[in-house]
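In the numbering used here, the protein residues as written are 601 to 670.
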């Protein structure tokens, strides 16, 4: 809702100034393409790194000696 509240007035202005919805739809399609490229180029490697770090921490805690209270 928040993003739409910001983008709808801009889309309306773009439609009014050009007289067509084509620019609005092209802008929306471009934003979706950019989001998918960023997901592949940024989020996928970042997630792989985070999972590897979590597994390394998990392996360290498994191999650490445990102290059991008597």
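Glycine included, each C-beta is placed from N, C-alpha and C at the ideal position.
- Does DSSP put residue 602 in a helix, a strand or coil? In the displayed model, residue 602 falls within a helix according to three-state DSSP.
- By how many angstroms is the C-alpha of residue 630 removed from the C-alpha of residue 605? Between the alpha carbons of residue 605 and residue 630 lies a gap of roughly 19 Å.
- Query: Assuming residue 608 and residue 615 make a contact with CB atoms under 8 Å, what is their CB distance in whole Å?
  - Reply: Not confirmed; about 10 Å, so no contact.
- Extent of the continuous alpha helix (DSSP H) run through residue 636: Where residue 636 is concerned, the enclosing alpha helix (DSSP H) stretches over 622–638.
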